[in-house]
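In this note's numbering, the protein residues as written are 56 to 609. C-beta: ideal position from N, C-alpha, C; glycine also. What follows is one structure encoded as structure tokens, with my remarks underneath.
Below you can see the structure in the form of structure tokens.
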């Protein structure tokens with residue numbers, strides 16, 4: 056195996072993000088270069104992972120031929136890489152601690168690269184997503200969405216009537232789906248990879264590449280920590296004694312409560328709040344920050360707030376909880392809003408104030424793995440920890456807690472750990488989706504973030520009532536907002552609130568990732584009577600009055 060190095064280049068002459076893409080492509084064409092990355096044209100930098108045989112002159116020439124100037128400022132051996140290796144103890148090349156999305160992606164990548172791998176799991180195979188996260192929550196959301204539409208939505212001017220929802224049956228159907236997907240997507244998949252061994256037990260690091268499981272010692276060549284995260288409750292007096300629902304236990308209730316307080320108005324809190332409200336529960340959402348969905352674009356948050364209130368959900372923002380008590384079987388929560396004391400009571404209390412990584416009692420810090428203030432594993436751009444034998448991926452790193460990001464990171468961590476090629480983790484372009492109805496889907500920078508970072512921006516906000524598909528579906532809730540760099544014409548951010556917003560956003564993700572200009576998007580054909588056509592209409596809105604456009608015009 057060739058020796059690998061990491062190089063840093065000073066690049067001059069870049070004036071836009073397209074320039075950065077040109078430099079990346081030019082460097083990647085050099086034989087022996089595995090990856091090239093320009094972290095924003097303003098940085099004047101390029102980071103390259105290449106075989107040690109690649110000369111400074113070859114790289115500088117490639118950049119010069121692309122129309123720019125460069126010189127190499129630093130080159131060093133790739134962290135943790137050597138020309139060849141064997142198994143640390145004659146056993147496993149890679150030990151993955153955690154059997155969820157990141158762990159499975161890492162294990163499969165290791166097997167595909169030809170290595171012997173072990174997955175260690177202390178709980179249920181499949182991790183958060185299939186067991187207690189994405190799959191069960193979205194199954195419930197979809198069931199209640201269909202129930203709500205049957206009772207409320209008008210189609211062709213006719214109102215339909217919905218029957219009473221059978222809550223125990225909904226929960227039972229959800230559980231069956233979870234069982235089916237756990238079997239087909241994890242148990243059966245694992246059986247297809249004989250190179251991967253599944254070990255049940257709790258793992259603890261014992262230093263360097265040492266791991267102890269069920270009293271047995273192992274010394275794999277490399278280790279990946281992929282133990283995920285769990286619900287976290289804010290430290291409110293009385294909360295622990297009173298008890299409360301988490302995002303996990305809220306999915307298990309066999310009896311539908313008449314009322315519920317939801318503490319926290321980010322993705323999890325909003326999704327479950329609307330689900331229970333549509334099932335017939337009177338829901339009150341309490342949020343510490345000034346608005347719900349506080350990390351999304353402000354226009355999106357304000358619009359969603361209105362739609363949820365229209366469905367009968369009570370929303371209180373700027374609320375600081377101070378006390379929780381259980382009185383006569385009901386939860387009583389006291390707090391203040393702008394100095395005024397408020398009290399709420401309900402049959403159930405759901406706390407959705409965030410998640411924290413699962414890193415306790417694993418011997419991580421003793422093994423030289425640094426942790427952050429929330430217990431997250433701190434990693435480099437290549438997902439390596441301070442211990443050169445240990446990498447980490449997924450929610451345990453405390454960032455970008457989405458199942459698809461975890462899978463992406465797991466594959467990168469395995470490739471870097473085993474082959475040392477130094478692939479850089481880049482989640483700058485990922486889509487973020489909140490499965491309310493309408494859905495929030497966003498990518499890139501909000502308008503506020505873009506201005507704070509010094510961009511001169513132009514903004515287009517398109518109400519969904521101008522999208523022909525939304526008109527045909529008799530559902531014009533929502534909007535599409537684009538944030539564009541006025542200097543380079545590049546799309547900096549896209550923010551969607553629409554019934555199927557998650558199906559719209561990926562086109563914007565591709566534009567952001569690959570540096571498409573808004574002019575290029577405008578010249579691209581979008582199929583008529585689709586919601587994604589709204590992206591093109593929003594682009595046209597930067598220079599035209601969309602209300603005056605004919606269908607298919609542009």
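Straight-line CA distance for residue i to residue j?
i	j	result
residue 351	residue 497	8 angstroms
residue 441	residue 265	15 angstroms
residue 459	residue 505	25 angstroms
residue 585	residue 519	12 angstroms
residue 631	residue 571	The first residue shown for the chain is 56 and the last is 609, placing residue 631 beyond what the model contains.
residue 241	residue 391	46 angstroms
residue 244	residue 251	10 angstroms
residue 403	residue 452	31 angstroms
residue 422	residue 175	18 angstroms
residue 355	residue 181	33 angstroms
residue 364	residue 357	11 angstroms
residue 78	residue 543	16 angstroms
residue 501	residue 484	13 angstroms
residue 480	residue 310	43 angstroms
residue 322	residue 370	15 angstroms
residue 466	residue 148	15 angstroms
residue 372	residue 345	5 angstroms
residue 595	residue 493	23 angstroms
residue 291	residue 298	11 angstroms
Where does residue i sit, in a helix, a strand or coil, going by DSSP?
i	result
residue 561	helix
residue 588	helix
residue 302	coil
residue 523	helix
residue 675	With the chain covering 56 to 609 only, the question about residue 675 has no answer from this structure.
residue 139	Annotation note: pLDDT 37 at residue 139 (below 50); position unreliable, coordinate value reported separately. Coil at residue 139, not helix or strand.
residue 171	coil
residue 119	helix
residue 159	helix
residue 511	coil
residue 573	helix
residue 384	coil
residue 337	strand
residue 215	Reliability fails at residue 215, whose pLDDT of 42 lies under 50, so the model's placement of it is uncertain and the value that follows must be treated cautiously. Note: residue 215 maps to coil in three-state DSSP.
residue 286	strand
residue 327	helix
residue 102	strand
Going by C-alpha to C-alpha distance, which of the options sits closest to residue i?
i	options	result
residue 527	539, 583, 275 and 63	583
residue 169	262, 248 and 196	248
residue 385	444, 469, 321 and 300	300
residue 260	425, 190 and 90	425
residue 676	146, 374 and 100	A query on residue 676 cannot be resolved here, the shown segment of the chain reaching from 56 to 609 and no further.
residue 82	462, 121 and 541	121
residue 438	428, 454, 429 and 430	454
residue 315	335, 89 and 118	335
Could you give the residue range of the beta strand (DSSP E) that holds residue i?
i	result
residue 500	Unbroken run through residue 500: none, as it is neither H nor E.
residue 65	59-67
residue 489	486-489
residue 540	534-540
According to DSSP, which residues form a beta bridge with residue i?
i	result
residue 634	Lying before the first or after the last residue shown, residue 634 is absent from the chain, which here runs from 56 to 609.
residue 126	65
Following the continuous alpha helix (DSSP H) through residue i, name the residue where it begins and the one where it ends.
i	result
residue 279	Element bounds for residue 279: not the alpha helix (DSSP H) but the beta strand (DSSP E), 277-280.
residue 80	72-83
residue 461	458-474
residue 226	222-237
residue 183	182-187
residue 295	294-297
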